[in-house]
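Using our numbering, you'd call the opening residue of the sequence shown number 1230 and step up by one each time.
Note that the Cβ used here is the ideal one computed from N, Cα and C, for glycine as well.
This one's a predicted model, so the numbers in the text were calculated from it and none came from an experiment.
These notes concern the structure reproduced below.
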Amino acid sequence: MDVTEATFQTAVIERSKTVPVVVDFWAEWCAPCRQLGPVLERAVAERDGKIELVKLDTDANQELARAFNIQSIPAVKAFRDGNVVAEFVGAQPPPAVAKFLDGLLPNEADELVAHGDETSLRKALELEPSRVDAALPLARLLHARGDSDEAGQVLGRVPGSFAADGLLARIELEASGTPDLAAAFAALDSGDDQQALDALLDALPTADGSKDALRRVIVGVLDELGVESELARASRRRLAAALY
């Protein structure tokens, strides 16, 4: 399928949120482009709808070519969730193209995480023990049914995740019983982030020896809300004022 500047947003950016989209930046006068095109088309067809291929004529769509810094063609860029996730320049042999495309497909762990049930999440962690998008939901399942010790063990194997560390800190605070954060945690579990953050931040000044664990819980909630959240931005300011 050919795309233009008018259709790129829908055909590539939006579509890539459902399936990986590979864009072949080419031009009619480019001999290597004519060599690569059929190789790409065959390889994508072999993947039976799991990847989509579109072609963009750089001569007819010069603004897009500039926007994506196309300096040499053929140039191939793969989009997933609206972003470029892989790319190469120049005509490539079929094995290299096949490897490039296969790198865009979900692996076994990805598929298990997508299922989301406890058995699948456990299998995903067997394959990739430090995978946070499997560890965090599994730990939540365990914590919700009272298996907090195992939940803590799962979280302890996931480095570098504020959300995972926040849940681990919550488990530690619940075990110690101080301060009393039952209302804050109940609000968090019900999805009322505003009420939960208000209660957690209000508890900071009198948290004494639990202040760092409480800070970790708050940071974990903010991490999951994301940088674009107005609630997260306002709560970060309150957190900084309370700590410093």
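- As a beta-bridge residue in DSSP terms, K1306 pairs with V1252 and E1316.
- Scanning the stretch 1313-1375 from its first residue to its last, the whole alpha helix (DSSP H) runs of 4-plus residues come out as 1323-1331, 1337-1344, 1347-1356 and 1361-1373.
- The Cβ atoms of L1472 and D1422 do not sit closer than 8 Å to each other.
- The C-beta of A1260 has fewer than 16 other C-beta atoms within 10 Å across all chains shown, which makes the residue exposed.
- Shown here, V1456 sits in coil according to DSSP, grouped into three states, outside any helix or strand.
- Bounds of the alpha helix (DSSP H) holding D1427 are D1422 to A1432.
- Taken through DSSP and simplified to helix, strand or coil, E1281 comes out as strand.
- For D1231, the pairing in a beta bridge is given by DSSP as K1284.
- Our two residues, R1276 and L1285, have alpha carbons roughly 21 Å apart in a direct line.
- By the C-beta density criterion, V1313 is exposed, having fewer than 16 other C-beta atoms within 10 angstroms.
- Look at S1377 here: in three-state DSSP terms it is helix.
- The continuous alpha helix (DSSP H) containing C1262 extends over residues A1260 to E1275.
- K1440 and H1344 have their C-alpha atoms spaced approximately 37 Å apart.
- DSSP, read as helix, strand or coil, puts Q1382 in helix.
- The beta carbon of R1369 lies closer than 8 Å to those of A1380 and L1396 in the same chain, with the five residues before and after it left out.
- With contacts defined by Cβ atoms closer than 8 Å, A1425 and L1417 form a contacting pair.
- In this structure, the alpha-carbon of L1468 lies about 13 Å from that of D1452.
- Cβ-Cβ distances below 8 Å link L1443 to A1398, L1402, P1408, L1410, L1429, A1432, L1433 and A1436 in the same chain, with the five nearest sequence neighbours on each side left out; the list follows chain order.
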